[in-house]
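Enquirer: Note that this note's numbering has the sequence shown beginning at 187, numbered continuously upward.
Backbone N, C-alpha and C define an ideal beta-carbon position, used for all residues, glycine too.
A quick note: this is a predicted structure, and the numbers were derived from the prediction, not measured.
Before we start, here is the structure in question, set down as structure tokens.
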Amino acid sequence: MNGRQGGKKKKGKRNYKKEEHIGGELIDGKFGRAQTDANAEGIRKTHFVDRRILWSGTSGRELSAQRSSSLLYDREGSASYLANGIENGGENVDPSAPAALELFEKDPVFSKFLSDDFNAAQFASEALGSESASAASEKLEEGIRLLEKQLKNEVFFRHDQLLQQLSTLKETESVLAVVRGGVDGLQGSVQRVRSEIAEPYKQIKLKSRQLNSLHDTVELLRSVIKALKRLKQLKELMDSTNAKADLAKAAELFNEIETLRKEADLSGVEVVEEEVPWLMEVGNRIRTEAVNSLEAGMEALNQAEVGSVLQVYFNMGELKSTVETLINKYKSQAVKCVSTALDMKAISSTMGGSGPGGIQRSGTPQIGATSRAREGLWQRLATCISQLKTIMLAVWHLQRVLAKKRDPISHTVFLDEVIQGGDLMLTERVWEALIKSFGNQMKSAFTASSFVKESFVLGYPKLLALVDSLLESIIRETDVKGVPPAIKAEDRTQLIAALEPFQTAYLAKCLTRLSEHVNNMFPATVRGSVPTQDQIARLILRIQEEIEAATTDGRLTVLVLKEVSKILQLLAERSEYQISTGPDSRQVSGPATPLQIKNFTLCLHLQEVHTRLSTMLAGLPPAASETLSAALGSIYGVALDSITPLFKSMVEKLESCILQIHDQNFSSDSVDYVEGEDSTSKYMEDLQRAITLFRSEFLSKLMVGSSSAAMGGESICSSLARKMASRVLLFFVRHAALVRPLSETGKLRMARDMAELELVVGQSLYPVEQLGAPYHALRAFRPLIFLDTSQLSGSPLLKELPLSVVLHHLYSRGPDELESPVKKLRLSYQQYSLWLDNQGTQMKTSRSSGRVFTALVDGWVSQIREIVPAIQIAWFWNLGSSIIIMQHEKIIGTFIFGRVNTPALIDGRSCAGEGKQH
187 MNGRQGGKKK
197 KGKRNYKKEE
207 HIGGELIDGK
217 FGRAQTDANA
227 EGIRKTHFVD
237 RRILWSGTSG
247 RELSAQRSSS
257 LLYDREGSAS
267 YLANGIENGG
277 ENVDPSAPAA
287 LELFEKDPVF
297 SKFLSDDFNA
307 AQFASEALGS
317 ESASAASEKL
327 EEGIRLLEKQ
337 LKNEVFFRHD
347 QLLQQLSTLK
357 ETESVLAVVR
367 GGVDGLQGSV
377 QRVRSEIAEP
387 YKQIKLKSRQ
397 LNSLHDTVEL
407 LRSVIKALKR
417 LKQLKELMDS
427 TNAKADLAKA
437 AELFNEIETL
447 RKEADLSGVE
457 VVEEEVPWLM
467 EVGNRIRTEA
477 VNSLEAGMEA
487 LNQAEVGSVL
497 QVYFNMGELK
507 STVETLINKY
517 KSQAVKCVST
527 ALDMKAISST
537 MGGSGPGGIQ
547 RSGTPQIGAT
557 SRAREGLWQR
567 LATCISQLKT
577 IMLAVWHLQR
587 VLAKKRDPIS
597 HTVFLDEVIQ
607 GGDLMLTERV
617 WEALIKSFGN
627 QMKSAFTASS
637 FVKESFVLGY
647 PKLLALVDSL
657 LESIIRETDV
667 KGVPPAIKAE
677 DRTQLIAALE
687 PFQTAYLAKC
697 LTRLSEHVNN
707 MFPATVRGSV
717 PTQDQIARLI
727 LRIQEEIEAA
737 TTDGRLTVLV
747 LKEVSKILQL
757 LAERSEYQIS
767 TGPDSRQVSG
777 PATPLQIKNF
787 TLCLHLQEVH
797 TRLSTMLAGL
807 PPAASETLSA
817 ALGSIYGVAL
827 DSITPLFKSM
837 VEKLESCILQ
847 IHDQNFSSDS
857 VDYVEGEDST
867 SKYMEDLQRA
877 ITLFRSEFLS
887 KLMVGSSSAA
897 MGGESICSSL
907 ARKMASRVLL
917 FFVRHAALVR
927 PLSETGKLRM
937 ARDMAELELV
947 VGQSLYPVEQ
957 LGAPYHALRA
967 FRPLIFLDTS
977 QLSGSPLLKE
987 LPLSVVLHHL
997 YSRGPDELES
1007 PVKKLRLSYQ
1017 QYSLWLDNQG
1027 TQMKTSRSSG
1037 RVFTALVDGW
1047 VSQIREIVPA
1057 IQIAWFWNLG
1067 SSIIIMQHEK
1077 IIGTFIFGRV
1087 NTPALIDGRS
1097 CAGEGKQH
């Protein structure tokens, strides 16, 4: 390929590509990669020839001069030289060769050599595998030639730069030679200084070693002398008669000697080594006497003796280790105590082995030996509880002495020496180990030994009482002012939690025992059965026994009461299913039916349960009573529901009898209506007959056992009878006031009816004197009907009557043209009575009811003004104003007639003065 095919050459400019010389190879600066092996070999040859020429013995200056003259010659004859393209042997120099190199990027063959992932082996195999291998070889040869031309051109045109770099290297070598000479001189100086100070340094080092040895010897001699003095003092102290009293001093001397031996390293000093056996003997003697004194002091809980022994250990430097050993000992005793108490093998050995009367391998006693084994288990547990108490008191006593004792010299508190910041107290450590062991043993006994499980489940209150006695005794005996107690309140929870499996099983047993009683009362095979009195008594007794067994612990009492509450709810549900609700259960016209008698029996039984348990709960804490109050309420509610429909039916019948009063003639003054002194109205006879029948057929059966069942208060039957009696009296007074017109004969007849009513209610339903307001209303209404109108305003009887009764009675005194509220509302007497019940006839707290009657009075006045002559208006106003004025502060105020003849109503103030104008 011709190098000029890339295009026309531009004059005066050369487009060369930058190249770099790296590691002896010429690398293309633009593409930054190695060329082919053949091309690289040619480059290396050229470079080697050039370096050989430059360094073949010719100096840099001469070579530079030669090259400069040559370059000058070349430049002067550049026209002909470049035209011929010949330099140094006639080789071609083509300045346009760089332009030809650009063809490498576009050429499909040479562009592969410019790739970063060029693989020479792959390229060679592809060239050989093609059909034109020779053509490819020729193309490569042509490329190599072109690269060689470019290389020569670069060397030629960069000749000055290469010479300049060569001179720079020469100057660098000169500088390095000077530096090398300075370094050699410096090393010589260092050698001279080293030779001058080496000998003095050796002398100083030797003298220093001798001085240190002298100091060590002096210190050793001082320690030996001090140790010998302390040994002499210790011998004198141990040989004295009061060595026991000076045990703390001996411990201090012993500790000081031992400290000197260890810190000063007196081993090997003969004068000291000779005394070591005697010193060890004395140390053992001190420790033995201290241990004996400590055990005696801890057993007797003697603070002074324990404090003196602790001082001995403090002087010996063994206080912390000794206390740790003692605490570990108490921990081990507590763990062993609990495990021994529940060890069935130990119980078996105390009872004569596993033969007859002993314990089987499964942990269950032989037949006939259960009671003895259980008694032995409880005895061992009681002993264990006593031992645990002793351990905790001993640890607390030790902790108390440590907290109070101080070293007289350093004033160090012994407890601070034993317990570091953040560590548990001694009692807490032992209690933690005790709780852990107790919990593990209880859990193991619950799962591994059926005998222990059964014993502790059946006797859980006793087990809990033993644990509570341990806690209470420890708290009581360690409650000392200024000293923390051995255990805290939350520690009790931890110990009780270890008994939780037995507690759960005990409560389940309790629920099962009580459920059996309820299930026996209502067997599934017999429908409609009613519990007997004996079954109810046994259930109540069983509940009382369960509660009494748990009264030793307030928390257990509450838990047991929760189970009792479940049983009472079950009893209430089962009893509610047995209540008869058909028409036969509500009939009151004949003898009591079997269904009614069944309801009566259920009511009495449930009432008995409620009363007995309520009486028993009176002696328990309020929390216990609250636990059972909901269940007792359910029992009472079911008992009440069993007979309430009967009483409602009876009240309806009695009201229907009273409503017949409006069918009677109370307006006639004829003697035909007064048949005799003892005669009674027909409606009253029906009323008396119904009440008497209800008493004989129903109340008599419900009152059986009511006196005993109502020890805690009024019985259910008495409560319903009281409400019935009150309703009958008030209902009668209401409708007696609605009767109009009422003649003098009618008043006598009504008074006699009221007397008869009072008698029959008091004898058959409830003592009327105990009814309160209803009875007072009846007694007040009887004389009220005989008073003159002028006497009404100042009568004290009005205070005993509801306002509605007074207003209704005033209507009976008015003219016939004045419509009563019943007629004005177009209601029957029964409907009007129901309306009064809904609106609230008593008007003691309801302002809305007052407004209702205010409207009635307003209508009343309007009717008067329309139909009554003026003289009668004045008469009626005199009556009306006197009544309403007296009542206005309680109910509705006063109404008046104004000058324009219009009624007015002013709440809360009297306007009687204005009314007098008319």
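#1: Is the CB-CB distance between A817 and Q755 below 7 Å?
#2: What's the call for F401, buried or exposed, on a 16-neighbour Cβ count within 10 Å?
#3: Leaving aside the five residues before and after H994 along the sequence, list all residues of the same chain whose C-beta is less than 8 Å from its C-beta, in chain order.
#4: Does the region 773-788 come close enough to the region 847-856 that 3 or more CB-CB pairs lie under 8 Å?
#5: Specify whether the region 939-953 and the region 911-919 touch according to this definition: at least 3 beta carbon pairs, one from each stretch, less than 8 Å apart.
#6: I'd like to know whether the C-beta atoms of H148 and I902 end up nearer to each other than 7 Å.
#7: Are E762 and V824 close, meaning C-beta to C-beta below 7 Å?
#8: Return the residue from the list R560, S297, V992 and K292 that minimises the CA-CA distance to P969.
#9: What is the DSSP secondary structure of V954, reduced to helix, strand or coil?
#10: Pull up the distance between the alpha-carbon of S854 and that of Q1025, whole angstroms please.
#11: CA-CA distance, S701 and L727?
#12: Can you give me the Cβ contacts of M889 inside the same chain, cut-off strictly under 7 Å, excluding the 5 residues immediately before and after it?
#13: Candidates I513, K356 and L620: which alpha carbon is nearest V521's?
#14: Measure the C-alpha to C-alpha separation of T931 and D939 and round it to an integer number of angstroms.
#15: Beta-carbon of K887 versus every beta-carbon of chain E: anything under 7 Å?
#16: Give the range of the alpha helix (DSSP H) segment to which M502 is assigned.
#17: Looking at the strands, I want to know which residues DSSP matches up with V599.
#18: Quick check: A413 and V376, are their CB atoms within less than 7 Å of each other?
#19: Considering only residues of the same chain and omitting the five flanking positions on each side of A963, which have a CB-CB separation below 8 Å?
#20: Quick one: is A595 buried, meaning 16 or more other Cβ sit within 10 Å of its Cβ, or exposed?
#21: Considering only C-alpha positions, which residue in the set V704, W564 and L644 is nearest to E652?
#22: Which one of V837, P982, I783 and T797 has the shortest CA to CA distance from S886?
#23: Does the beta-carbon of T569 have 16 or more other beta-carbons within 10 angstroms, so that it is buried, or is it exposed?
#24: Closest to S507 by C-alpha separation, out of I605, Q1017 and R662, would be which residue?
#25: Which word fits F972, buried or exposed, when buried means at least 16 other C-beta atoms lie within 10 angstroms of its C-beta?
#26: For V890, report the span of its alpha helix (DSSP H) as first-last.
#27: Looking only at its chain, what residues have a beta carbon closer than 8 Å to the beta carbon of S242, apart from the 5 residues adjacent to it on each side?
#28: What do you get for Q874, buried or exposed, if any count of 16 or more other CB atoms within 10 angstroms of its CB means buried?
#29: Among A778, I383 and Y961, which has the Cα closest to the Cα of F884?
#30: Out of L799, I513 and L650, point me to the one whose CA is closest to W582's CA.
#31: DSSP state of K448, grouped into three classes?
#32: Might you give, ordered along the chain, the residues of its own chain that have their beta carbon closer than 6 Å to the beta carbon of R566, omitting 5 neighbours on each side?
#33: What would DSSP say about S882, mapped onto helix, strand or coil?
#34: Identify whether E1005 lies in helix, strand or coil by the three-state DSSP scheme.
#35: CB-CB under 8 Å to T878, same chain, minus the five flanking residues each way: which ones, in chain order?
Expert: Reading off the structure:
#1: yes
#2: For the record, residue 401 in the displayed sequence is His; it is not Phe. Counting Cβ neighbours within 10 Å, H401 comes out exposed, since fewer than 16 surround it.
#3: R920, A923, L924, S1006 and P1007
#4: no
#5: yes
#6: The structure shown does not extend to residue 148, since the chain spans only 187 to 1104, so no value can be given for it.
#7: yes
#8: V992
#9: helix
#10: 33 Å
#11: 14 Å
#12: C903
#13: L620
#14: 12 Å
#15: Within the model displayed, chain E is absent; a lone protein chain is all it includes.
#16: Q489 to M502
#17: R592
#18: With contacts defined by Cβ atoms closer than 7 Å, A413 and V376 do not form a contacting pair.
#19: L915, L916, V919, E986, L987, P988 and V991
#20: Residue 595 is actually Ile in this sequence, not Ala. Result: exposed.
#21: For clarity, residue 652 is Leu in the given sequence; the question names Glu instead. Ranking V704, W564 and L644 by Cα distance to L652 puts W564 first.
#22: I783
#23: exposed
#24: Here the closest residue by C-alpha is I605.
#25: So F972 ends up on the exposed side.
#26: No alpha helix (DSSP H) contains V890, which DSSP labels as neither H nor E.
#27: Confidence in S242 is poor, its pLDDT being 36 and thus under 50, which makes the residue's placement too unreliable to answer from.
#28: buried
#29: A778
#30: That would be I513, whose Cα lies nearest to the Cα of W582.
#31: helix
#32: A527
#33: S882 falls in the helix class under three-state DSSP.
#34: coil
#35: V946 and S950
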